[in-house]
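Counting from 923, one number per residue, gives the positions in the sequence shown under my numbering. What follows is a short report on a single structure.
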Amino acid sequence: MTGFDMNLRQRNFRGVASRANMKLSSGFTYRNEVVQSRFGRSWKFFMKPFVAIASITIAVLGFGTIYSNVTSRDPCQVLAESISVNVSENLHRLFHFQSKTRDLTHETKTWVKLLAMSPVSQEFPNISTGSSTTWTGVYWSDISCRKLVEDHFPAFLQTYHSFPHTIQRVDSCRYLVLSMYGGVYADTDISIHASSVNEFERLIPDGVGLVESPYRYNEIWQNSLMTASSPGHVFWNITIEIMIERGTDRNVLSSTGPKMIGDAVERFRYRYVNGNNEINDVRTLPCELFQRLPLGEWDTTFLNVLGREVLARAVPMQGCGRYGDGKCEITRHVGKASWTNDAGIK
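Below is the structure:
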């Protein structure tokens, strides 16, 4: 074979190899482009719901904030309109709270201080109202709540034991307590910031006082702070009636919580207010004074926080004042929503 033939073969081989490399390279390039294209489409597909949710959230927060600012009332003006000249003559000065232990939270200690109560609270069945001018703290445990039901509300006992969630028994106990003794009930994550005992007492109405909720999308009133100037109000009988009807319901809000309270108010008004004005003393305690929108919830899941914080600002949300600014803020709800974990709400 001549040198010329060898050179020709080498050139042909290099040409074939070069074309093969080009095909191989173009194949890899094509596959790469296909993968990137598919990944890009998948990424955009999965991102669309998140972008939509974010856009809706921003729109709701923005519009809700503007609406709240436009419709909000001055808390100090609300205070001036809400406070009575005199303290109710029927007021029973009992402060009720529930906890697993007798240890007082920081928030409950603010009540002890303002109301000048003994740090050692009474417990069922050894409860005395004391003098007409002195406040008495009453501690309620799971045991004492159950004993109260057994001794004074036997018709409710089966429902009480059949509740799927512990929080439902906790909820129900507070209504029975106010029915039996009257006074003030407050969750242990609510602090009081009234300027004086007298100011707070003059805000407690005759009859029943329910705090207006800032979370308007699923509740009108809350059950974390309630007042009953005296025991035995018929409204509490209606709450018991509804709880018995919904005893096996796993939905906490509608069976024993704020939604149930709203339904009880409607039933109360239908029976005793419409066409019969003899009883019309279930009053609303303004959210500007007692329940401003908290900055967040403790001990609960992120999605639950997002849902409450976003939906709470949806129309027709009424501005309740700035949380924690101390401007005519009578009570402050810190919002340790551990009940959501007990109830299995995610």
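Glycine residues also receive a C-beta, built at the ideal position from the N, C-alpha and C atoms.
Between His-1155 and Gly-1129, how many whole angstroms is the CB-CB distance? I'm expecting something under 8 Å.
6 Å
In angstroms, rounded to a whole number, what distance separates the CA positions of Leu-1225 and Phe-1078?
Interpretation of Leu-1225 is limited by its pLDDT of 48, a score under 50 that renders its predicted location unreliable; no figure is taken from the coordinates.
Who are the Cβ neighbours of Val-1119 in its own chain at under 8 Å, not counting the five residues just before and after it?
Leu-1036, Leu-1037, Ala-1038, Trp-1057
Cβ separation of Gly-1246 and Arg-1254, assumed to be a contact under 8 Å, to the nearest whole Å:
7 Å
Grab the span of the beta strand (DSSP E) containing Phe-1019 for me, first residue to last.
1016–1020
Residues near Phe-1122 by beta carbon distance below 6 Å, same chain, minus five either side
Ala-1116
With 16 as the cutoff for other CB atoms within 10 Å, does Thr-1170 come out buried or exposed?
exposed
Among His-1083, Phe-1017, Cys-998, which one has its Cα closest to the Cα of Pro-1041?
Phe-1017
I need the DSSP call for Thr-1148, collapsed to helix, strand or coil.
According to the sequence provided, residue 1148 is Met. The question's Thr does not apply to it. Reduced to three states, the DSSP call for Met-1148 is strand.
Going by DSSP, what residues sit across from Leu-1207 in a beta bridge?
Val-1133
Taking Pro-1136 as the reference, which of Asn-1012, Val-1007, Asp-996, Phe-1212 has the closest Cα?
Phe-1212
CA-to-CA distance, Lys-970 to Ile-1005, given in whole angstroms
Cα to Cα, Ile-1005 sits roughly 51 Å from Lys-970.
Rounded Cβ spacing between Arg-1205 and Pro-1127 (contact assumed at less than 8 Å)
4 Å
Between Thr-1088, Arg-1168, Val-1092, Arg-1124, which has its C-alpha nearest Leu-1207's C-alpha?
Here the closest residue by C-alpha is Arg-1124.
Can you grab the Cα-Cα spacing for the pair His-1087 / Val-1007, in whole Å?
42 Å
What does DSSP give as the partner residues of Ser-1113 in its beta bridges?
Looking at the DSSP output, Ser-1113 sits in a beta bridge with Arg-1254.
Looking at the secondary structure, which residues open and close the beta strand (DSSP E) in which Trp-1062 lies?
Unbroken beta strand (DSSP E) run through Trp-1062: 1058–1062.
Please state if the CB of Ile-1162 and the CB of Tyr-1082 are separated by a distance shorter than 8 Å.
no
Could you give the residue range of the alpha helix (DSSP H) that holds Val-1034?
1028–1036
Assigned exposure category for Pro-1076 - 16 Cβ within 10 Å defines buried
exposed
Should Arg-1172 go down as buried or exposed, given a rule of 16 or more other Cβ atoms within 10 Å for buried?
So Arg-1172 ends up on the exposed side.
DSSP three-state call for Glu-1188: helix, strand or coil?
helix
Asp-1185 and Ser-1146 closer than 8 Å at C-beta
No, they are not a contact pair.
On a Cα-Cα basis, can you pick out the residue from Lys-1031, Ile-1049, Leu-1100, Cys-1095 that is closest to Ile-1065?
Of the candidates Lys-1031, Ile-1049, Leu-1100, Cys-1095, the residue whose Cα lies closest to the Cα of Ile-1065 is Cys-1095.
Spell out the partners DSSP gives Trp-1158 in its beta bridges.
Answer is none; Trp-1158 lacks a bridge partner.
Excluding five sequence neighbours on each side, which residues of the same chain lie with their C-beta closer than 6 Å to the C-beta of Val-1106?
Only Phe-1017, Thr-1149 meet the Cβ criterion.
For Gln-1044, which residues in the same chain have their Cβ closer than 8 Å to its Cβ, ignoring the five residues on either side in sequence?
Ser-1050, Thr-1058, Gly-1059, Val-1060, Tyr-1061
Reduced DSSP category for Asn-1120 - H, G, I as helix; E, B as strand; rest coil:
helix
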